[in-house]
Every structure is written in C-alpha cells, then in structure tokens.
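Heads up: the structure comes next, in structure tokens.
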Amino acid sequence: MIADSDLWIVIFGLGLGSFGLRFLFLGLVGDRALPEWMLRHLRYTAVAILPALVAPLVVWPPATGGQTDPLRLVAAIATLAVGAVTKSVFAAMGTGAVVMLAGAYWPA
Amino acid sequence: MASSSVMSSYRRGVRDGLPFLLIVIPFATLFGVVATEAGLSVFETLSFSVVVIAGAAQFTALSLLTEQAPVLIVLISALAVNLRLAMYSASLTPYLGALPMWKRAVTAYFLVDQTYAGSVLEYEKRPGMSVAERWAYFMGIATPICPPWYAATVAGAWAGAAIPPEAGLDFALPIAFLAMIGPALRTPAHRIAALVSTVLALAFAFVPYNLGLIIGGLGGMIAGAEAERRGLGFPLFTERSK
C-alpha cells in the first residue's frame, strides 16, 4: 500500500520538477541566440533520446518480466521500418498495433 | 490576414495531433488502470496526470512507489526519465523564445513527447513560420493530446482491470515512440544519432535510476552533431538546395 503523504509529495514534487525542466530553457533563455555548436547538438535530441528510451523496452519488455519477446520485437521493427519508408507516423503506429493485436489473438 | 494564417496554423496543429489520440488514449487509460490497481483513488490518479503530465515518468514513479522505494529515489528516477524535457525545452527555444513569458510558461506545461516531436518537425519543415503561427501550431497539437490525456486517465481509473493483458497494451509506449523515430531518420547524421543512442542505452541499461537513457541520449546527440560537422547532415537521395 502506498502512504498518502508519500503519494502527494511525489505528485507535486514530480509536477514541479517536470515543469522546471520544461521551463528551463524556454523561460530563462528566451530569444537570446544560442551558440551554433549547441544548436547542432539540439537538432539530434529527438532521434537520440527517443531510441534510448525505447530500446530497452523493446529488448527487455517489463510486461514479460524482461524476457525478450519475438512478437514485440517484430512489432517494433515493423513500426520503425514502415515509419522510415512511408514517413507517416500514423501508418507506423497502425502497423505496430496490427502486429501486436494479430500476435495476441491469432490462433497459435 | 495575419490572424487567419495563425488560425490555419492552429487547425493544422490539431489535424497533425489527431493521430496521437490512438496512442494517448490507450496509454493514459493504462495509467488509470495501473494506478487504481496500486491503490490510488480516481481523484489521486487524475491529479497525477494533470500535475505531472508525463507518461513515462508517471509509470516510473508509480512502479517505484508500489515497490516502497524511498520518496527521494522515486523523485530522482522519475525526474531522470524527464530530463529529456529540458532538452526539448532547449530545442524549442530558438523557435518560441520570443513569446511573452506567460505563453512560454503555458508551452512548458504542455511540453510532452508528442507535442514536442510534432511541432519541432513542423518548424524544421516550414522555416518561414511566424512566432505567432508556431505557437498556434503548438497549441493545436496539444489540443487533441493533453485534454484527452486527463480524460482517458479517469476512464482507465474507472475501467479498472477490465482490459485483458493479452491485448499487449503495455507496448503502446514503445510503438508510439518508434513510430515517431522512423520518419525523423531523415539524414545519415540522424540515423547515426539514433543508432549510437540505441547501442549506448542497451549497453548502459544496468545503470540505476534510468541514467542509461541519459547516457544514450547525450551520446546520440554528440554522435549526430559530429556526423553533421563532417557533412552527413543532408539527405542522401534528395536535392540539397532548400
């Protein structure tokens, strides 16, 4: 059981901390020009952070207790491939969902 | 004239944000289900989603709370997951930094993976947008993402454990992120950044408090920037002139 006081400390602590992180540059830096080397690094934030977030979840899914799961691996590769080829987030998401649902409900 | 182009930017944002509903709704619903299973009330669950509004960090905090981890560890781990938000903030600053302070604060509150990914891709694609149009586009994307995030959290809290685990809902998050990564791999430099970050994140997955994510992210950014400096920052098969 989670203690009530702990829960509210976490909710507000995490809320404030997250807002602080989100506001850090937008609020404090504003429209002052950032140095070129920093901008060059920032162009790659999305394609660096998102794969780092997703890779362990794909290889060691928490839902299977960390066991590598062929179905999730196939769904992940298919999603990435369709996204890279079609440039469509929507088509890529649909592909991943279809693979996961087919794997779940296909009579094995 | 100006206001109509701002309005059309808002509408384009809403349209581009709509596909994310397919991800936001199951993901927030799942959070509602998991949170109530962990013993949270509907009100506590909704507060979590409204105050924090960051899915991955909410799941991190919740799972550590159920493991009875110390509050400080819960906060540090979940904020480490959210460190990327500071990078998003930095990345949007050249585009939105000229806004008045309250609009920057509103932007900061709604800054999540989907609103960031959608808007930064749009700003890169249309360098001629005015700051007002960019903000309208950002708020447009946030419209079908953030309010449904709260609503689906409540729906999930009510639905409880009604969703069968074999539906593989746990995988909605990775699928969402992968779907965003694919179209973003536009140049060799982007692909190098993604590859390096993946390898580092897996190699350093053992590092506690999700710091493997930070190592992978920083390594990927450095690799991408270095690749761009060596002339790999342009698409291979399309014209360079733009």
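Here the protein sequences line up with chains C and F, keeping their order. If you use my numbering, the first sequence corresponds to residues 1 to 108, in order. If you use my numbering, the second sequence corresponds to residues 1001 to 1242, in order. For glycine and all other residues, C-beta sits at the position ideal for the given N, C-alpha and C. These numbers were taken from a predicted model, which means no experiment stands behind them.
What do you reckon, are the CB atoms on G1220(F) and A1193(F) nearer than 9 Å?
For G1220(F) and A1193(F), yes; Cβs fall inside 9 Å.
Is it buried or exposed for A102(C), if we count other Cβ within 10 angstroms and need 16 for buried?
Exposed.
Can A1080(F) and I1214(F) be called in contact, C-beta distance under 9 Å?
Cβ distance < 9 Å, so A1080(F) and I1214(F) count as in contact.
Excluding the five sequence neighbours on either side, which residues of its own chain have a C-beta within less than 7 Å of the C-beta of S1003(F), listed in chain order?
So no residue of the chain qualifies.
Per DSSP, what kind of secondary structure is L1185(F) in: helix, strand or coil?
Here L1185(F) sits in coil by DSSP.
Rank H1190(F), I1175(F) and T1036(F) by C-alpha distance to the C-alpha of P1063(F) and give the top, closest one.
Looking at the sequence itself, residue 1063(F) is Ser, so the reference to Pro does not match. Out of H1190(F), I1175(F) and T1036(F), T1036(F) has the C-alpha closest to the C-alpha of S1063(F).
Quick one: is G65(C) buried, meaning 16 or more other Cβ sit within 10 Å of its Cβ, or exposed?
G65(C) should be labelled exposed.
Output the distance between the C-alpha atoms of G1128(F) and W60(C), rounded to the nearest integer angstrom.
So the two alpha carbons sit approximately 43 Å from each other.
Anyone know if the C-beta pair for P1174(F) and L39(C) falls short of 9 Å?
Not closer than 9 Å, so no.
Taking only beta-carbon positions, decide if S1047(F) is within less than 9 Å of chain C.
Yes, because at least one Cβ of chain C sits closer than 9 Å to the Cβ of S1047(F).
Please determine, among L80(C), A55(C), I9(C) and G83(C), the residue with the shortest C-alpha to C-alpha distance to T68(C).
If we check each option's Cα against that of T68(C), A55(C) comes out closest.
How long is the line joining the alpha carbons of F1204(F) and F23(C), rounded to whole angstroms?
Rounded to whole angstroms, F1204(F) to F23(C) spans 28 Å at the Cα level.
In this structure, how does DSSP classify K87(C) when only helix, strand and coil are distinguished?
It is coil, neither helix nor strand.
Hey, how far is the Cα of A97(C) from the Cα of A1157(F)?
Approximately 23 Å between the Cα atoms of the pair.
How close, in whole Å, do the beta carbons of Y1010(F) and A1189(F) come, if the pair is a contact with beta carbons under 8 Å?
Going by Cβ atoms, the distance from Y1010(F) to A1189(F) rounds to 32 Å, so no, they are not a contact pair.
Any contact between the region 1036-1048 of chain F and the region 1143-1156 of chain F? By contact I mean 3 or more CB pairs, one from each, below 8 Å.
The region 1036-1048 of chain F vs the region 1143-1156 of chain F: in contact.
Buried or exposed: where does D1113(F) fall if 16 or more other Cβ atoms within 10 Å of its Cβ makes it buried?
With 16 or more Cβ atoms within 10 Å of its Cβ, D1113(F) is classed as buried.
By alpha-carbon positions, which one of G1140(F), A1078(F), P1235(F) and T1029(F) ends up nearest to Y1116(F)?
Looking at the Cα atoms, G1140(F) is the closest of the given residues.
Considering only residues of the same chain and omitting the five flanking positions on each side of L1099(F), which have a CB-CB separation below 8 Å?
Excluding sequence neighbours, L1099(F) sits near T1107, V1131 and W1135.
Give me the Cα-Cα distance between W37(C) and F1110(F), rounded to the nearest whole angstrom.
One C-alpha to the other measures close to 27 Å.
So R1084(F) and I11(C) are in contact, right, with Cβ under 8 Å, and what is the actual spacing, rounded?
Not confirmed; about 20 Å, so no contact.
Going along chain C in order, which residues have a C-beta closer than 7 Å to the C-beta of L1085(F)?
Chain C residues near L1085(F): S18, L21 and R22.
Have a look at S1091(F) and T1187(F) and give me their C-alpha separation to the nearest angstrom.
If I take the Cα positions, the gap works out to 18 Å.
In chain order, what residues of the same chain have a beta carbon less than 8 Å from the beta carbon of L1018(F), not counting five sequence neighbours either side?
Result list for L1018(F): P1144, in chain order.
Compare the beta carbon distance of T1247(F) and I2(C) with 9 Å and say whether it is the shorter of the two.
Look at the range of chain F in this structure, 1001 to 1242, and you will see that residue 1247(F) is not part of it.
Write down the C-beta distance between A92(C) and G1182(F) rounded to the nearest angstrom, noting that I regard them as a contact closer than 8 Å.
The Cβ separation is near 5 Å, so the contact holds.
Under DSSP, the alpha helix (DSSP H) around M1087(F) begins and ends at which residues?
Run containing M1087(F): L1083 to L1096, per the alpha helix (DSSP H) assignment.
Can you give me the start and stop residues for the alpha helix (DSSP H) that F1043(F) sits inside?
Counting along the chain, the alpha helix (DSSP H) containing F1043(F) begins and ends at V1042 to V1052.
Please report the distance separating the alpha-carbon of T1238(F) from that of A84(C).
Note that T1238(F) scores a pLDDT of 47, beneath 50, so its modelled location is shaky and nothing firm can be said.
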